[in-house]
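Undergrad: I'd like to ask you about the structure that follows.
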Amino acid sequence: MKAPPIDEADSLQEDWDRLFPAGLSDEAAATLLRFVDALGSLLESRYGAQARAHQIRSADPHPPF
Numbered sequence: 001m002k003a004p005p006i007d008e009a010d011s012l013q014e015d016w017d018r019l020f021p022a023g024l025s026d027e028a029a030a031t032l033l034r035f036v037d038a039l040g041s042l043l044e045s046r047y048g049a050q051a052r053a054h055q056i057r058s059a060d061p062h063p064p065f
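Positions 1 to 65 (full-length UniProt numbering) are the ones given, in order, by the sequence shown.
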């Protein structure tokens with residue numbers, strides 16, 4: 001069962017607090033944000049295409065095999 005969004009947000013905040021010091025500079029935070037955005041884009045381009053292809057195949061009532 002998936003956790004409610006507020007629990008997920010609290011969990012992410014706790015993970016952030018464990019991983020990064022409270023005094024993280026604005027420059028370091030901006031760099032981290034760019035990294036996470038780039039990683040998200042990479043994952044979306046790689047696995048998003050696979051997921052969309054799978055959804056299309058799953059919706060086809062007469063698969064080609």
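For glycine and all other residues, C-beta sits at the position ideal for the given N, C-alpha and C.
Reducing DSSP to helix, strand and coil, say where Gly48 ends up.
TA: Taking the first residue of the sequence shown as position 1, residue 48 is located at position 48. Helix, per DSSP.
Undergrad: Rounded to a whole number of angstroms, what is the C-alpha to C-alpha distance between Gly23 and Ala29?
TA: One-based indexing of the sequence shown puts residue 23 at position 23. One-based indexing of the sequence shown puts residue 29 at position 29. Between Gly23 and Ala29, the C-alpha separation is close to 10 Å.
Undergrad: What is the residue span of the alpha helix (DSSP H) that Arg28 lies within?
TA: Taking the sequence shown and counting its residues from 1, one reaches residue 28 at position 28. Reading the sequence as shown, one finds Ala at residue 28 and not Arg. Its alpha helix (DSSP H) spans residues 26-43.
Undergrad: Does Ala9 come out as helix, strand or coil in the three-state DSSP assignment?
TA: Stepping through the sequence shown from its first residue, residue 9 is reached at position 9. Here Ala9 sits in helix by DSSP.
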